[in-house]
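In the working numbering, the protein residues as written are 1494 to 1631.
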């Protein structure tokens, strides 16, 4: 059973998928940091110093200054600012993946459009054999 598991785990597709998942997770963290630390602050500034990470709707009827205070009190809240940041994260990741796939497809098309290499010219021995064949057919 251990041999079967080792054979399964070392198959090319499984290893490729694992590498893709690890790189994808790291890429997701990079995009989240980019959105939270680079994209959203200027957008918040343009919208009048809005901090998207602290936008929420309190459903309990009480008043809380921050999400942390509302969560500490156990109040039900809708964190729509966090949702907006997550949507922006998704759009950036989706666009990046779209561009990568578009680039790979273009490379693949260019590869397919290249004419196949010309077949090698027959050797002297093959030419002689073809001449003999043709003479026998006559």
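Quick reminder that beta carbons are idealized off the backbone N, C-alpha and C, glycines included.
DSSP three-state call for residue 1548: helix, strand or coil?
Coil.
Out of 1543, 1517 and 1516, point me to the one whose CA is closest to residue 1529's CA.
The residue among 1543, 1517 and 1516 with its C-alpha nearest the C-alpha of residue 1529 is 1543.
Nearer than 7 Å: is that true of the beta carbon of residue 1572 relative to any heavy atom of the ligand FMN?
The ligand FMN is not among the ligands present in this structure, which contains no ligands whatsoever.
Cα separation between residue 1617 and residue 1626?
A straight line joining the alpha-carbon of residue 1617 with that of residue 1626 spans about 14 Å.
If the criterion is Cβ atoms closer than 8 Å, does the pair residue 1537 and residue 1545 meet it?
At a Cβ-Cβ threshold of 8 Å, residue 1537 and residue 1545 count as neighbours.
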